[in-house]
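Whatever position you read off the sequence shown (first residue = 1), add 236 for our numbering. Ideal Cβ positions, reconstructed from N, Cα and C, are used throughout, including at glycine. Take a look at the structure set out below.
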Amino acid sequence: MASQMFGFSFSDHEIIEISTRNSCFKIRVLSKEYQHTCPSTGLMLWESARLVASILSSNPELVSNKRVLELGCGCSAICSMLAAKSAAETVVATDADQQALDLLAENMVSNLESPFLESLLVHQLKWGCKQDIEAIKNLNEKGFDITIGTDVTYIPEAIEPLFATARELISTCKDGHKGEKPALILCQELTSL
């Protein structure tokens, strides 16, 4: 199906190795030679995901014992996998692109073992879509203490639905987890797409 839609098959991929303080991940992504012709940005690893992964690896207390949501995780969900390995209470990795989520499932199986693999949930989420937002709420009724988005603000038209979705899913507890306020962590690399 991917070859029909995008003109490539998932055999047209490469493995990117990401080493953090305590972990090494091998992430399968679309080969660079196909990335500029593919309409899906979720089939590659963006630099800001590497940066946030490095920060989470050095500061696991940011996500430990917390409810974590990653918006627009793409096929890598490197931040979600690190949150799971850092003993987050709940981790939900989301993306609107089903092909990215299919490749993410493969990357999770090859990079996580039990119990981390079971603690990371994956769900399709199109920002602003009430049905998708309600499905995420059903996974975690308390809302999320930490919401992460890497390289998700490069399309101006997507910013409003992104923030509306984050607002719907962020924890509503006034004291948050252990007295901390919920946080939205966004990181964007300046690119010319």
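Item: Over what stretch of residues does the alpha helix (DSSP H) that includes Glu342 continue unbroken?; Value: Gln334 to Asn347
Item: Judging by CA-CA distance, which residue of Arg303, Lys302, Ile314 and Leu305 is the nearest neighbour of Leu281?; Value: Ile314
Item: Tell me the DSSP secondary structure of Ser407 in three-state form.; Value: coil
Item: I want to know whether the region 329-339 touches the region 301-320 - three or more CB-CB distances under 8 Å.; Value: yes
Item: Which word fits Ile251, buried or exposed, when buried means at least 16 other C-beta atoms lie within 10 angstroms of its C-beta?; Value: exposed
Item: So what's Asp331 in DSSP terms, helix, strand or just coil?; Value: strand
Item: Use the C-beta contact count for Val299: other C-beta atoms within 10 angstroms, 16 or more gives buried, fewer gives exposed.; Value: buried
Item: Mind checking whether Gly379 and Thr408 have CB atoms under 8 Å apart?; Value: yes
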